[in-house]
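Residue numbers (our numbering): 1 to 217. Think of the CB as a built atom: it goes at the ideal place given N, C-alpha and C, for glycine as much as any other residue. Computed from a prediction, not measured in an experiment: that's the story for all the values here. Below is one structure, written out as C-alpha coordinates; comments come after it.
Okay, here's the thing in C-alpha coordinates:
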(Lines of atoms letter the chains of each structure in order from A and count residues from 1; the text may use other names and numbers.)
(Lines give C-alpha, C1' and ligand atoms only; values in the text may rest on other atoms or scores of the structure.)
Protein backbone atom coordinates (compact mmCIF):
# COMPACT_ATOMS: atom_id res chain seq x y z
CA UNK A 1 0.00 0.00 0.00
CA UNK A 2 1.34 3.45 -0.90
CA UNK A 3 2.23 5.99 1.73
CA UNK A 4 0.42 9.34 1.66
CA UNK A 5 3.63 10.99 0.43
CA UNK A 6 4.10 8.50 -2.42
CA UNK A 7 0.48 8.84 -3.49
CA UNK A 8 0.81 12.63 -3.49
CA UNK A 9 3.96 12.41 -5.66
CA UNK A 10 2.27 10.03 -8.10
CA UNK A 11 -0.74 12.32 -8.48
CA UNK A 12 1.49 15.36 -9.06
CA UNK A 13 3.47 13.44 -11.70
CA UNK A 14 0.25 12.34 -13.45
CA UNK A 15 -1.05 15.91 -13.52
CA UNK A 16 2.22 17.17 -15.00
CA UNK A 17 2.25 14.38 -17.57
CA UNK A 18 -1.28 14.99 -18.89
CA UNK A 19 -1.14 17.40 -21.89
CA UNK A 20 -4.76 18.48 -21.29
CA UNK A 21 -3.71 20.13 -18.04
CA UNK A 22 -1.87 23.38 -18.68
CA UNK A 23 -1.98 24.70 -15.13
CA UNK A 24 0.88 23.06 -13.20
CA UNK A 25 0.44 24.91 -9.88
CA UNK A 26 -2.27 22.65 -8.50
CA UNK A 27 -2.39 21.86 -4.82
CA UNK A 28 -2.42 18.13 -4.02
CA UNK A 29 -2.99 16.58 -0.60
CA UNK A 30 -3.29 12.84 0.09
CA UNK A 31 -4.55 11.13 3.23
CA UNK A 32 -5.53 7.43 3.48
CA UNK A 33 -6.40 7.21 -0.23
CA UNK A 34 -8.39 10.45 -0.26
CA UNK A 35 -6.82 12.96 -2.64
CA UNK A 36 -7.78 16.65 -2.50
CA UNK A 37 -6.86 18.96 -5.37
CA UNK A 38 -7.14 22.73 -4.97
CA UNK A 39 -6.24 26.01 -6.63
CA UNK A 40 -7.60 27.85 -9.64
CA UNK A 41 -7.74 26.92 -13.30
CA UNK A 42 -8.68 28.65 -16.55
CA UNK A 43 -11.55 26.44 -17.79
CA UNK A 44 -14.13 23.88 -16.72
CA UNK A 45 -12.74 21.40 -19.28
CA UNK A 46 -9.33 21.56 -17.60
CA UNK A 47 -10.88 21.16 -14.14
CA UNK A 48 -12.66 18.03 -15.40
CA UNK A 49 -9.39 16.72 -16.88
CA UNK A 50 -7.66 17.17 -13.51
CA UNK A 51 -10.28 15.04 -11.76
CA UNK A 52 -10.00 12.26 -14.34
CA UNK A 53 -6.19 12.31 -14.16
CA UNK A 54 -6.28 11.87 -10.36
CA UNK A 55 -8.70 8.95 -10.72
CA UNK A 56 -6.21 7.13 -12.95
CA UNK A 57 -3.56 6.93 -10.23
CA UNK A 58 -3.33 3.61 -8.41
CA UNK A 59 -4.16 3.94 -4.72
CA UNK A 60 -6.70 6.75 -5.09
CA UNK A 61 -9.99 5.87 -3.40
CA UNK A 62 -11.81 9.21 -3.37
CA UNK A 63 -11.20 12.51 -5.18
CA UNK A 64 -12.18 15.84 -3.58
CA UNK A 65 -12.05 18.47 -6.32
CA UNK A 66 -11.85 21.94 -4.74
CA UNK A 67 -10.44 23.66 -7.83
CA UNK A 68 -12.11 26.96 -8.75
CA UNK A 69 -12.57 28.00 -12.38
CA UNK A 70 -11.28 31.54 -12.87
CA UNK A 71 -11.75 32.63 -16.46
CA UNK A 72 -9.11 34.84 -18.11
CA UNK A 73 -10.53 38.09 -19.46
CA UNK A 74 -10.20 36.81 -23.03
CA UNK A 75 -12.37 33.78 -22.16
CA UNK A 76 -15.28 35.65 -20.57
CA UNK A 77 -18.56 35.32 -22.48
CA UNK A 78 -22.09 36.47 -21.74
CA UNK A 79 -24.71 33.90 -20.74
CA UNK A 80 -26.41 34.56 -24.08
CA UNK A 81 -23.22 33.76 -26.02
CA UNK A 82 -22.73 30.54 -24.05
CA UNK A 83 -26.36 29.55 -24.64
CA UNK A 84 -25.87 29.91 -28.40
CA UNK A 85 -22.75 27.74 -28.14
CA UNK A 86 -24.79 25.07 -26.35
CA UNK A 87 -27.41 25.05 -29.10
CA UNK A 88 -24.74 24.66 -31.78
CA UNK A 89 -22.92 21.93 -29.84
CA UNK A 90 -26.12 19.89 -29.54
CA UNK A 91 -27.01 20.46 -33.18
CA UNK A 92 -23.72 18.97 -34.38
CA UNK A 93 -23.64 15.95 -32.04
CA UNK A 94 -25.60 12.99 -33.45
CA UNK A 95 -25.79 11.28 -30.04
CA UNK A 96 -27.64 14.17 -28.40
CA UNK A 97 -31.47 14.22 -28.74
CA UNK A 98 -31.58 18.02 -28.53
CA UNK A 99 -35.36 18.15 -29.04
CA UNK A 100 -35.92 16.72 -25.53
CA UNK A 101 -33.22 18.72 -23.70
CA UNK A 102 -33.42 22.18 -22.18
CA UNK A 103 -30.25 24.08 -21.29
CA UNK A 104 -30.15 27.03 -18.91
CA UNK A 105 -27.16 29.32 -18.47
CA UNK A 106 -26.71 31.48 -15.37
CA UNK A 107 -23.45 33.19 -14.46
CA UNK A 108 -21.60 31.05 -17.01
CA UNK A 109 -22.90 27.83 -15.43
CA UNK A 110 -24.83 25.44 -17.72
CA UNK A 111 -27.69 23.33 -16.34
CA UNK A 112 -29.14 20.53 -18.49
CA UNK A 113 -32.74 19.39 -17.92
CA UNK A 114 -35.16 17.09 -19.74
CA UNK A 115 -35.50 13.41 -20.62
CA UNK A 116 -33.53 10.96 -22.75
CA UNK A 117 -33.95 7.27 -23.59
CA UNK A 118 -30.41 6.13 -22.82
CA UNK A 119 -27.67 6.93 -20.30
CA UNK A 120 -25.14 7.37 -23.14
CA UNK A 121 -27.30 10.23 -24.45
CA UNK A 122 -27.22 11.83 -21.01
CA UNK A 123 -23.41 11.58 -20.99
CA UNK A 124 -23.13 12.76 -24.60
CA UNK A 125 -25.09 15.91 -23.82
CA UNK A 126 -22.75 16.79 -20.97
CA UNK A 127 -19.69 15.96 -23.05
CA UNK A 128 -20.94 18.16 -25.90
CA UNK A 129 -20.95 21.27 -23.71
CA UNK A 130 -17.93 20.53 -21.52
CA UNK A 131 -15.41 22.42 -23.65
CA UNK A 132 -17.28 25.66 -24.35
CA UNK A 133 -15.36 28.91 -24.08
CA UNK A 134 -16.44 30.99 -21.10
CA UNK A 135 -18.17 28.18 -19.24
CA UNK A 136 -17.54 27.76 -15.50
CA UNK A 137 -19.32 24.43 -14.96
CA UNK A 138 -22.09 21.99 -15.92
CA UNK A 139 -24.91 20.47 -13.88
CA UNK A 140 -26.49 17.47 -15.59
CA UNK A 141 -30.09 16.89 -14.43
CA UNK A 142 -31.18 14.84 -17.46
CA UNK A 143 -33.36 11.83 -16.64
CA UNK A 144 -33.41 8.45 -18.38
CA UNK A 145 -37.07 7.49 -18.85
CA UNK A 146 -37.29 4.13 -20.65
CA UNK A 147 -39.38 1.60 -18.59
CA UNK A 148 -37.29 -1.37 -17.42
CA UNK A 149 -37.54 -4.68 -15.61
CA UNK A 150 -35.45 -4.63 -12.42
CA UNK A 151 -34.59 -8.32 -12.80
CA UNK A 152 -33.58 -7.97 -16.44
CA UNK A 153 -31.40 -4.94 -15.85
CA UNK A 154 -29.62 -6.65 -12.92
CA UNK A 155 -28.85 -9.70 -15.03
CA UNK A 156 -27.66 -7.64 -17.99
CA UNK A 157 -25.32 -5.60 -15.82
CA UNK A 158 -23.88 -8.71 -14.15
CA UNK A 159 -23.30 -10.34 -17.54
CA UNK A 160 -21.58 -7.20 -18.84
CA UNK A 161 -19.34 -7.04 -15.76
CA UNK A 162 -18.28 -10.65 -16.30
CA UNK A 163 -17.45 -9.93 -19.93
CA UNK A 164 -15.40 -6.84 -19.21
CA UNK A 165 -13.86 -7.37 -15.76
CA UNK A 166 -13.71 -11.08 -14.89
CA UNK A 167 -11.46 -10.75 -11.87
CA UNK A 168 -13.75 -8.23 -10.14
CA UNK A 169 -17.17 -9.35 -11.36
CA UNK A 170 -17.63 -11.82 -8.51
CA UNK A 171 -16.80 -9.12 -5.96
CA UNK A 172 -19.47 -6.71 -7.22
CA UNK A 173 -23.14 -7.06 -6.42
CA UNK A 174 -25.91 -5.37 -8.40
CA UNK A 175 -29.22 -4.37 -6.85
CA UNK A 176 -31.94 -2.85 -9.05
CA UNK A 177 -35.10 -1.31 -7.65
CA UNK A 178 -37.21 0.19 -10.38
CA UNK A 179 -34.84 2.29 -12.47
CA UNK A 180 -32.27 2.80 -9.69
CA UNK A 181 -29.20 0.53 -9.61
CA UNK A 182 -26.95 0.16 -6.57
CA UNK A 183 -23.44 -1.27 -6.94
CA UNK A 184 -21.68 -2.76 -3.93
CA UNK A 185 -18.50 -4.72 -3.35
CA UNK A 186 -14.78 -4.08 -3.82
CA UNK A 187 -12.33 -3.36 -6.66
CA UNK A 188 -8.59 -2.72 -6.72
CA UNK A 189 -8.53 0.72 -8.36
CA UNK A 190 -10.60 3.85 -8.85
CA UNK A 191 -10.48 3.25 -12.60
CA UNK A 192 -12.13 -0.16 -12.17
CA UNK A 193 -14.79 1.39 -9.97
CA UNK A 194 -15.47 4.01 -12.65
CA UNK A 195 -15.62 1.25 -15.31
CA UNK A 196 -18.19 -0.73 -13.29
CA UNK A 197 -20.29 2.42 -12.90
CA UNK A 198 -20.09 2.94 -16.66
CA UNK A 199 -21.34 -0.60 -17.29
CA UNK A 200 -24.35 0.04 -15.04
CA UNK A 201 -25.16 3.28 -16.83
CA UNK A 202 -25.08 1.44 -20.17
CA UNK A 203 -28.09 -0.69 -19.23
CA UNK A 204 -31.32 0.50 -20.89
CA UNK A 205 -33.64 2.55 -18.70
CA UNK A 206 -31.29 3.12 -15.76
CA UNK A 207 -32.06 6.55 -14.29
CA UNK A 208 -29.70 6.54 -11.34
CA UNK A 209 -26.59 4.59 -10.30
CA UNK A 210 -25.62 4.53 -6.63
CA UNK A 211 -21.96 3.57 -6.54
CA UNK A 212 -21.11 2.10 -3.14
CA UNK A 213 -18.12 0.10 -4.38
CA UNK A 214 -15.05 0.33 -2.13
CA UNK A 215 -11.53 0.61 -3.56
CA UNK A 216 -9.12 -1.70 -1.73
CA UNK A 217 -5.43 -2.30 -2.23
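| task | Check residue 145 in the structure and name its three-state DSSP category. | result | Coil at residue 145, not helix or strand.
| query | Taking Cβ positions, are residue 126 and residue 138 nearer each other than 8 Å? | reply | Their beta carbons are under 8 Å apart, which means residue 126 touches residue 138 by this criterion.
| task | Identify which residue in 123, 90, 43 has its Cα closest to the Cα of residue 141. | result | Of 123, 90, 43, the residue nearest in Cα terms is 123.
| task | Quick one: grab the DSSP three-state call for residue 134. | result | Residue 134: coil per DSSP, three-state reduction.
| query | Count the other CB atoms within 10 Å of the CB of residue 27; is the residue buried (16 or more) or exposed (fewer)? | reply | Residue environment for residue 27: exposed (fewer than 16 other C-beta atoms within 10 angstroms of its C-beta).
| said: As an exercise, report each continuous beta strand (DSSP E) stretch of at least 3 residues that is fully enclosed by the region 8 to 85, in chain order. | reply: If we require 3 residues or more, the beta strand (DSSP E) runs fully inside the region 8 to 85 come out as 27 to 31, 34 to 41, 62 to 69.
| The beta strand (DSSP E) spanning residue 203 covers which residue range? | Boundaries for residue 203: no beta strand (DSSP E) harbours it, and the DSSP string shows neither H nor E there.
| task | For residue 184, collect the residues of the same chain with a Cβ closer than 6 Å to its Cβ; drop the 5 residues on either side in sequence, then sort them by chain order. | result | Around residue 184: 173, 212.
| Euclidean distance between Cα positions of residue 176 and residue 157 | Cα to Cα, the separation comes out at about 10 Å.
| message | With H, G and I counted as helix, E and B as strand and the rest as coil, what does DSSP make of residue 210? | response | DSSP places residue 210 in strand when its eight states are reduced to three.
| query | What does residue 114 pair with, by DSSP beta-bridge criteria? | reply | Looking at the DSSP assignment, residue 114 forms a beta bridge with 101.
| said: Taking the alpha helix (DSSP H) that residue 125 belongs to, which residues open and close that run? | reply: Boundaries of the alpha helix (DSSP H) harbouring residue 125: 119 to 128, taken from the DSSP string.
| task | Would you tell me roughly how many angstroms separate the C-alpha atoms of residue 49 and residue 24, rounded to the nearest one? | result | Taking the straight line from one Cα to the other gives about 13 Å.
| Under three-state DSSP, which class holds residue 184? | The DSSP-derived three-state label of residue 184 is strand.
| request: Quick one: using the 10 Å Cβ neighbour count with 16 as the cut-off for buried, is residue 3 buried or exposed? | output: Classification for residue 3: exposed.
| task | In the DSSP assignment, find the unbroken beta strand (DSSP E) run with residue 174 in it and report its ends. | result | Unbroken beta strand (DSSP E) run through residue 174: 172 to 177.
| residue 106 by DSSP, collapsed to three states: which one? | Residue 106 falls in the strand class under three-state DSSP.
| task | Reducing DSSP to helix, strand and coil, say where residue 215 ends up. | result | Here DSSP, grouped into helix, strand and coil, assigns residue 215 to strand.
| query | Where does the unbroken alpha helix (DSSP H) through residue 154 begin, and where does it stop? | reply | Counting along the chain, residue 154 sits inside the alpha helix (DSSP H) bounded by residues 150 to 164.
| Straight-line CA distance for residue 182 to residue 151? | Looking at the two C-alpha atoms, the distance is approximately 13 Å.
| query | Nearest to residue 22 by CA position, among 44, 35, 30, 33, is which residue? | reply | Ranking 44, 35, 30, 33 by Cα distance to residue 22 puts 44 first.
| request: Under the assumption that residue 134 contacts residue 76 (Cβ atoms under 8 Å), give the Cβ distance between them as a whole number of angstroms. | output: Distance from residue 134 to residue 76 at the Cβ level is roughly 6 Å; contact confirmed, criterion being Cβ atoms closer than 8 Å.
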